[in-house]
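Remarks on the structure that follows.
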Amino acid sequence: MFKKSFVFAALTLITLFVFTLSAVSITNADGTETPTPGGTPTASVTPTIPNQIKVEGVVTSITGTIMTVAGQQIETAAATIERGVAVGREVDVYLIPVTGGAWFALRVELDDDEDDLNEAEIEGIVQAYDGRYVTIGGRVFDTQGARFDDDTVIVVGAYLEVKLVSGTGGVWTVREVERDDDEVGFFDDDDDSGDDDSGDDDSGDDDSSDDDSGGDDSGDDDSGDDDSGDDDSGDDDSGDD
0 MFKKSFVFAA LTLITLFVFT LSAVSITNAD GTETPTPGGT PTASVTPTIP
50 NQIKVEGVVT SITGTIMTVA GQQIETAAAT IERGVAVGRE VDVYLIPVTG
100 GAWFALRVEL DDDEDDLNEA EIEGIVQAYD GRYVTIGGRV FDTQGARFDD
150 DTVIVVGAYL EVKLVSGTGG VWTVREVERD DDEVGFFDDD DDSGDDDSGD
200 DDSGDDDSSD DDSGGDDSGD DDSGDDDSGD DDSGDDDSGD D
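In numbering that gives the first Met the number 0, the protein residues as written are 0 to 240.
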């Protein structure tokens, strides 16, 4: 429950942050823009939660709250960032996109697993595909020349792992595409952790010795106190009679 509350809280912060950064306006027929009275928010900042995205790669730059990973600029103002994240470090970025192509991170974690620093991976749900260009989180990737793992077929709604490689001039190109629908909704993995099915529920606390312990069938009921020498003792047949 805490994880879910965190996600919703983060979404709220992200939305408020976008409102602050963006000057909402209306485009007139002559091409000029007129600010919306009172800064009324538009649907362009509505988070598309089903299109959760994960980016794995090396941080190539950090400018203010904008972090660049695998050639992708990501807003981190509302994110929880693990200590030690810096340029040159490999990270996992868990984020959500908003319409218009902006990516907002929920959390950034270190991932120093010694992968090739010139490689990266983006995981997310396919929004569009025309046989060459695939759209994930509002951003378009060119799959021409890429290898499709295990006869992967790209369809809208499928969960893809797009593996990138950095080329000349730092340009990232798609090297491999793999479909992995088992990973859909990776943010929910925290909710199915050991916290729910841990030993707390099926532990020894329920079937422990506390229920069938010596407290119920102990010697307290059939102990020597009932049939003790106090009843059948020499006090009844004593020499007093």
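Every residue, glycine too, gets a C-beta built ideally from N, C-alpha and C.
- Message: Taking the straight line between their C-alpha atoms, what separation do you get for VAL97 and THR67?
- Response: If I take the Cα positions, the gap works out to 17 Å.
- Message: Check this for me: beta carbons of LYS53 and GLU122, under 8 Å apart or not?
- Response: Yes, the Cβ-Cβ distance between LYS53 and GLU122 is below 8 Å.
- Message: For GLY123, report the span of its beta strand (DSSP E) as first-last.
- Response: Counting along the chain, the unbroken beta strand (DSSP E) around GLY123 starts and ends at 118-128.
- Message: Between the alpha carbons of VAL57 and LEU163, how many angstroms are there, rounded?
- Response: A straight-line Cα-Cα distance of about 12 Å links VAL57 and LEU163.
- Message: Counting beta carbon pairs with one atom in the stretch 140-148 and one in the stretch 160-180, are three or more of them shorter than 8 Å?
- Response: The stretch 160-180 is in contact with the stretch 140-148.
- Please determine if the stretch 124-135 and the stretch 97-116 are in contact, where contact requires at least 3 C-beta pairs separated by less than 8 Å. Flag = no, the stretch 124-135 and the stretch 97-116 do not touch.
- Bridge partners - LEU159, DSSP secondary structure assignment: For LEU159, which the question treats as bridged, DSSP gives the partners GLY123, ARG178.
- Task: In angstroms with no decimal places, state the Cα-to-Cα distance between GLN143 and ASP129.
- Result: If you take the alpha carbons of GLN143 and ASP129, they lie about 11 Å apart.
- Query: Would the beta-carbon of ALA78 fall within 8 Å of that of ALA104?
  - Reply: Contact check for ALA78 against ALA104 passes: the beta carbons are separated by less than 8 Å.
- Message: On the CB-based measure, 16 or more other CB atoms within 10 Å of its CB, does SER60 come out buried or exposed?
- Response: With fewer than 16 Cβ atoms within 10 Å of its Cβ, SER60 is classed as exposed.
- Query: Rounded to a whole number of angstroms, what is the C-alpha to C-alpha distance between ILE95 and GLY169?
  - Reply: ILE95 and GLY169: Cα-Cα distance of roughly 24 Å.
- What are the residues that DSSP puts in a beta bridge with GLU108? Paired residues: ASP91.
- Using DSSP with H/G/I as helix, E/B as strand and the rest coil, what is GLY83? Looking at GLY83 - three-state DSSP - the assignment turns out to be coil, as it is neither helix nor strand.
- Query: So, using beta-carbon positions, are ILE65 and GLN71 closer together than 8 Å?
  - Reply: Result no, Cβ atoms of ILE65 and GLN71 do not sit closer than 8 Å.
- At which residues does the beta strand (DSSP E) containing ASP148 begin and terminate? Premise fails: ASP148 is in no beta strand (DSSP E) and is neither H nor E.
- Task: Please report how far the alpha carbon of GLU120 lies from the alpha carbon of GLU89, in whole angstroms.
- Result: GLU120 and GLU89: Cα-Cα distance of roughly 11 Å.
- Environment of THR75 [buried if 16+ CB atoms lie within 10 Å]: Per the 10 Å Cβ criterion, buried.
- Among VAL92, THR172, THR62, GLU55, nearest to ASP141 - alpha-carbon criterion: Considering only VAL92, THR172, THR62, GLU55, the residue with the shortest C-alpha distance to ASP141 is THR172.
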